[in-house]
Amino acid sequence: MEHQSQGGRHRISCRQQQRTGVAAPPPREHQGQRQQQKQRCADVNDNAHCNTLSRAIERDKTFFDQTPLVLRTIIQPLSCPRCRPIITLTTSHPQTLNSLRQKRALATCCAAHTLHDGLSDLTYVLLPLLAQTFGLSLAQVGMIRAAHRTAMATFQIPAGLIAERFGERNLLAAGTAFAGAAFAALGYVSGFWMILTALFFAGIGSAVQHPLCSTIISNAFPDAGRRAALGTYNLFGDVGKFAFGGLLSLLLMLGYSWQGPVVAYGITGMIIAGAIFFWIVGAAQSVATAEAVAAKPADGAGRRSGWGIRNRRGFIALCLIEIVDSSTRVGFLTLIAFLMIAKGLPTGWAALSVPLILVGGMAGKLACGLLAERVGIIRTIIITEVATGAGILCAVALPGIAAFLLLPAIGVVLQGTSSVLYATTGDLVEQERLPRAFGLIYTLGSVCGIAAPLGYGLIGDYAGVTGAIALMGLAIFITLPLCAMLRPALGAEPVRI
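Read left to right, the sequence shown gives residues 4 to 500 (our numbering).
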């Protein structure tokens with residue numbers, strides 16, 4: 004019966020075609036067969052396409068990893084549904100995105116450090132020029148320098164507190180633009196009070212850089228690689244000190260006035276501020292951090308208050324080590340040229356003492372960060388502090404030329420310890436409280452930078468420059484028992500040297 008009905012429908016369709024001249028649609032069973040055939044062909048093509056794409060992705064995985072956002076935007080919509088999971092897994096892999104964020108965070112913070120440290124130490128070159136141009140007294144020159152340094156030291160902790168509310172990236176970009184605008188205005192000043200005001204506001208803008216960049220890098224490198232990353236970051240600060248001051252000195256030798264380069268430096272700062280705002284989007288937050296934030300209890304449940312210090316005893320030990328280390332470093336840099344003169348070296352040679360130490364310090368900041376990744380935090384601090392004390396005492400005991408040649412090696416350990424200390428802050432403080440903790444650490448260093456030259460200078464007046472520097476070499480060994488206090492907080496094994 005069914006066969007007859009199907010045959011009847013077929014005869015009716017043939018009559019319709021003869022009457023109208025339009026081909027009638029094929030029977031339903033024929034349509035189903037054709038659709039199945041098309042689907043089989045499509046499956047074969049899709050499988051071949053997917054296999055080809057998979058092999059291409061595997062072959063060019065480096066390229067795919069380097070441009071994940073572009074691939075997801077362009078290639079994924081053009082691919083078939085079977086290929087989309089492959090591309091999604093390849094181009095949005097957490098390790099790939101985390102690596103991209105880390106590189107962006109480190110590159111941006113290194114650029115900011117180069118700029119801010121370059122502008123800060125540019126004042127050493129500018130102050131004699133400002134005094135000559137505007138007839139300033141030495142007391143006025145000291146007030147200008149003190150205003151700049153005081154602004155930087157005072158606003159570091161507030162910068163950390165404000166960043167917890169408005170974000171490290173936003174405040175870092177704003178502070179960089181503020182410092183750049185202040186230096187651009189410095190090129191148009193007409194007297195002492197305008198100079199003082201411009202450099203005071205420049206100090207406020209630069210105060211955000213150290214605590215916020217250290218926080219961004221610590222968030223981007225929550226575990227492995229943090230000390231090496233912070234060592235690289237510290238290295239670029241010294242690069243800025245040499246580059247900005249050296250370029251200005253070169254332009255002055257070529258006959259240019261100081262106003263033009265200073266304004267250009269200020270405009271460069273504002274450009275870098277814009278780059279920070281756009282380039283560091285999402286860079287400060289690693290995948291692990293994002294997962295931790297997503298897993299955080301709602302409505303503030305379980306949220307830590309205060310400073311977020313995980314181990315109070317360990318954090319106090321870290322702060323005390325920073326105080327001793329910074330005081331020794333700044334005091335030694337202040338008096339070393341006088342020691343070389345006392346040993347009979349010409350004044351021109353003695354003036355090269357600080358640059359030699361800073362050159363060694365550039366290598367030391369990176370090398371000590373890498374060393375801490377390999378041998379551990381406590382061992383690295385002990386090695387660098389013992390080497391610093393021994394080097395300073397040798398510089399006191401050796402003849403002039405031998406002590407002069409030893410200075411770069413002293414600079415490696417004298418400057419390198421700071422990279423390890425700053426990176427250790429992230430091990431002792433909750434991540435959401437890092438900005439204020441770094442603000443405190445850097446403020447302690449700034450205060451020591453003001454107090455240590457005064458204190459060791461007074462000691463030098465009574466005991467001589469040799470006695471003052473010898474005291475520095477002995478004082479640095481105070482950090483050894485402090486390392487014993489710090490070790491339990493880091494869960495490190497006892498150190499055997």
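Even for Gly, the Cβ is constructed at its ideal location relative to N, Cα and C.
Apart from the five residues on each side of it in sequence, which residues of its chain come closer than 7 Å, Cβ to Cβ, to His96?
At His96 the pLDDT is 48, less than 50, meaning the model places this residue with poor confidence; the figure from the coordinates comes in the next sentence. No residues qualify anywhere along the chain.
So, is Trp261 buried or exposed, given that buried needs 16 or more other C-beta atoms within 10 angstroms?
buried
Which residues bound the alpha helix (DSSP H) around Trp282?
Gln262 to Trp282
Give me the Cα-Cα distance between Gly228 and Pro161, rounded to the nearest whole angstrom.
28 Å
At 4 residues or longer, what runs of the alpha helix (DSSP H) sit wholly inside the region 132-165?
Counting only runs that start and end inside the region 132-165, the alpha helix (DSSP H) elements of at least 4 residues fall at 141-157.
By a C-beta neighbour count over all protein chains shown, 10 Å radius and 16 as the cutoff for buried, is Tyr127 buried or exposed?
exposed
Would you check if the distance between the CB atom of Leu2 and the CB atom of Ser356 is smaller than 7 Å?
A question about residue 2 goes unanswered here, because the residues of the chain that appear run from 4 up to 500.
Identify, in the order they occur along the chain, each residue of the same chain with its Cβ nearer than 6 Å to the Cβ of Leu342, setting aside the five sequence neighbours on each side.
Val468 and Ile472
What are the boundary residues of the alpha helix (DSSP H) that Glu325 is part of?
Boundaries of the alpha helix (DSSP H) around Glu325: Arg315 to Ala345.
Taking all protein chains shown into account, do 16 or more other C-beta atoms lie within 10 angstroms of the C-beta of Thr350, making it buried, or fewer, making it exposed?
exposed
The ligand FMN and Leu338: does the residue's C-beta get closer than 6 Å to at least one heavy atom of that ligand?
For the structure depicted, the ligand FMN is absent and the ligand set is empty, with no information on it obtainable.
Taking DSSP as the reference, what is the three-state secondary structure of Val192?
coil
Chain B beta carbons: is any one of them nearer than 7 Å to that of Leu485?
In the structure shown, chain B does not exist; there is a single protein chain.
From Gly190, Leu431, Ile462 and Gly442, pick the residue whose C-alpha is nearest to that of Ala320; which is it?
Leu431
Three-state class that DSSP yields for Val128 in the structure shown
helix
Just the Cα atoms here: how many angstroms apart are Met273 and Glu433?
32 Å
Sorted by chain position, which residues of the same chain lie with C-beta nearer than 8 Å to Leu410's C-beta, five sequence neighbours on each side aside?
Closer than 8 Å at Cβ, skipping near neighbours: Ile339, Ser356, Leu359, Ile360, Gly363 and Ala398.
Please name the residue or residues paired with Val432 in a DSSP beta bridge.
Ile312
Please state if the CB of Ser209 and the CB of Met155 are separated by a distance shorter than 7 Å.
yes
For Lys106, is the classification buried or exposed, using 16 other Cβ atoms within 10 angstroms of its Cβ as the cut-off for buried?
exposed
Outcome for Met365 when other beta-carbon atoms lying within 10 angstroms are tallied against a minimum of 16:
buried
What is the residue span of the alpha helix (DSSP H) that Gly170 lies within?
No alpha helix (DSSP H) holds Gly170; DSSP gives it neither H nor E.
Neighbourhood of Arg313 by C-beta, 6 Å cutoff - its chain only, sequence neighbours within 5 removed:
Leu431
Using beta-carbon positions only, say whether Leu374 and Thr383 come within less than 7 Å of one another.
Taking 7 Å as the Cβ cut-off, Leu374 and Thr383 qualify as a contacting pair.
Simplified DSSP state of Pro402, which is helix, strand or coil:
coil
Kindly indicate which three-state DSSP category Leu257 falls into: helix, strand or coil?
coil
At the level of alpha carbons, what is the spacing between Gly121 and Gly403?
31 Å
Put Gly494 into one of helix, strand or coil per three-state DSSP.
coil
Do the CB positions of Tyr236 and Cys113 come within less than 7 Å of each other?
yes
Could you pull out every residue in the same chain whose Cβ sits closer than 7 Å to the Cβ of Arg316, ignoring the five residues on either side in sequence?
Met488 and Ala492
Three-state secondary structure (DSSP) of Gly228
coil
With 16 as the cutoff for other CB atoms within 10 Å, does Ala108 come out buried or exposed?
buried
Quick check: Gly176 and Ala276, are their CB atoms within less than 7 Å of each other?
Correcting the residue type first, residue 176 is Ala in the shown sequence and not Gly. Cβ atoms of Ala176 and Ala276: closer than 7 Å.
Cβ-Cβ distance between Leu164 and Arg439 below 7 Å:
It is a contact, given that the beta carbons lie within the stated cut-off.
With DSSP run on the structure shown, which of helix, strand or coil describes Ala180?
helix
Report the option in His119, Leu129 and Arg230 whose CA atom is closest to the CA atom of Gly178.
For the set His119, Leu129 and Arg230, the Cα lying nearest the Cα of Gly178 is the one of His119.
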